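Colleague:
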Amino acid sequence: MFIDTHCHLNFPQYDTDQAMVIGNAKKAGVKQFINPGVDLFSSLQAVNLAKKHVGVIFAAVGIHPYEAQHDPDVRELEKIIIETMKKRGNEPSPLVAIGECGLDYHQYSGEQALGKKDKQKRLFAEQLELALKYDLPVIFHCRDGYDDFFDVLDSLPSQPRGVIHCFSGGLQEVRQAQKREFFVGFDGNVTYSKHLQSIIPSIPLSMILLETDSPYLTPAPHRGSRNEPKYIPLIATEIARLHGVSVKKVEEATTANARTLFQIS
Ligand SMILES: [Zn+2]
Ligand SMILES: [Zn+2]
50 MFIDTHCHLN FPQYDTDQAM VIGNAKKAGV KQFINPGVDL FSSLQAVNLA KKHVGVIFAA
110 VGIHPYEAQH DPDVRELEKI IIETMKKRGN EPSPLVAIGE CGLDYHQYSG EQALGKKDKQ
170 KRLFAEQLEL ALKYDLPVIF HCRDGYDDFF DVLDSLPSQP RGVIHCFSGG LQEVRQAQKR
230 EFFVGFDGNV TYSKHLQSII PSIPLSMILL ETDSPYLTPA PHRGSRNEPK YIPLIATEIA
290 RLHGVSVKKV EEATTANART LFQIS
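Heads up, the sequence shown is in our numbering, so the first residue is 50 and it goes up one at a time.
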């Protein structure tokens, strides 16, 4: 079985057919899902979804760097963590990680540029402190800001565990991740990105997680339509091709990696 370690099943793109999307993923062998938040509202939604699908969907709570311009209050995020982590008997915890959080220096249209980097770094550091405080792994989002990203991490008293989701760096960043024992997450863009196809053969399977980032980043040959977790096997197939191993081997390695990082069974 596969685990989609990053999908936004609570996004409005699935409002009308969420149950079918989950069912179709299961039919394709994708049996568990990590659903990260991008702000306070979607984090709470992710937790509620995970509570409805115990042991199948797991939530991460976090604030995306894009939200830094709106000065979100991380104490509100901590309240969600405390509330969710209250003892639940023998049930698996619906909350398994902090994220997605990190740095995104890409300039989006309509985004406030003034003080952007400082605000993002502060928001990221505050969430890393929560990860250490509550001993949770982190789903990192990093785009165009790897130097600052590793600087923020180095400013911490200790390193959290984590995955650099939708990895877009080069081999130098892979080595940085390896040094910190981070995982790297790959998405549908491995089916068409020449850059990713050039670096993946050098990245050990023991570091790799599979994710779709649904509803975004639809793999070939479905580009142009909404992405779904059921496409995880297409990503596994491409990574298997690049590594010259069987899809089964990629499936086993990446599922084991996800279980290790998120401590799920
Ligand atoms: Zn992201
Ligand atoms: Zn995402």
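Backbone N, C-alpha and C define an ideal beta-carbon position, used for all residues, glycine too.
Everything numeric in this text was worked out from a predicted model, so none of it was measured.
In three-state terms, what does DSSP make of HIS119?
Modeller: Residue mapping note: residue 119 aligns to position 70 of the sequence shown, counting from 1. Residue state, collapsed to three classes: helix.
Colleague: List the DSSP bridge partners of VAL187.
Modeller: As a position in the sequence shown, residue 187 is number 138, starting the count at 1. The partner list for VAL187 (beta bridge, DSSP) reads ILE147 and GLY211.
Colleague: Return the CA-CA distance between LYS243 and VAL212, expressed in angstroms with no decimal places.
Modeller: Indexing the sequence shown from 1 puts residue 243 at position 194. Indexing the sequence shown from 1 puts residue 212 at position 163. Those two C-alpha atoms are separated by around 22 Å.
Colleague: Along the chain, where does the beta strand (DSSP E) that runs through GLN81 open and close?
Modeller: Position 32 of the sequence shown, counting from 1, holds the residue named residue 81. Note, GLN81: beta strand (DSSP E), 79-85.
Colleague: So LEU163 is in the alpha helix (DSSP H); what residue range does that whole segment cover?
Modeller: Against the sequence shown, residue 163 aligns to sequence position 114. Where LEU163 is concerned, there is no enclosing alpha helix (DSSP H), given that its DSSP letter is neither H nor E.
Colleague: Would SER263 be called buried (16 or more neighbouring beta carbons within 10 Å of its own) or exposed?
Modeller: Within the sequence shown, the letter at position 214 stands for residue 263. So SER263 counts as buried.
Colleague: Starting from GLY293, follow the beta strand (DSSP E) in both directions and report where the run begins and ends.
Modeller: Within the sequence shown, the letter at position 244 stands for residue 293. Neither: GLY293 is in no beta strand (DSSP E) and is coded neither H nor E.
Colleague: Pick helix, strand or coil for ARG137, following the three-state DSSP scheme.
Modeller: Along the sequence shown, read from residue 1 onward, the residue named residue 137 stands at position 88. Note: ARG137 maps to coil in three-state DSSP.
Colleague: Does the Cβ-Cβ distance between GLU125 and VAL87 come in under 8 Å?
Modeller: Stepping through the sequence shown from its first residue, residue 125 is reached at position 76. Stepping through the sequence shown from its first residue, residue 87 is reached at position 38. Taking 8 Å as the Cβ cut-off, GLU125 and VAL87 do not qualify as a contacting pair.
Colleague: Just tell me which of ILE248, ARG229, LEU258 and SER247 has its CA closest to the CA of ASP236.
Modeller: One-based indexing of the sequence shown puts residue 236 at position 187. For the residues ILE248, ARG229, LEU258 and SER247, the minimum Cα distance to ASP236 belongs to LEU258.
Colleague: Which value, in whole angstroms, describes the spacing of the CA atoms of ALA99 and ASN139?
Modeller: The residue you call residue 99 lines up with position 50 of the sequence shown. The residue you call residue 139 lines up with position 90 of the sequence shown. Roughly 15 Å between the two C-alpha positions.
Colleague: Please classify ARG229: does DSSP put it in a helix, a strand, or coil?
Modeller: On the sequence shown, position 180 is the one that residue 229 refers to. If DSSP states are grouped into helix, strand and coil, ARG229 belongs with coil.
Colleague: Less than 7 Å between the CB of CYS150 and some heavy atom of ligand 1, yes or no?
Modeller: Within the sequence shown, the letter at position 101 stands for residue 150. CYS150 Cβ: outside cutoff for every heavy atom of ligand 1.
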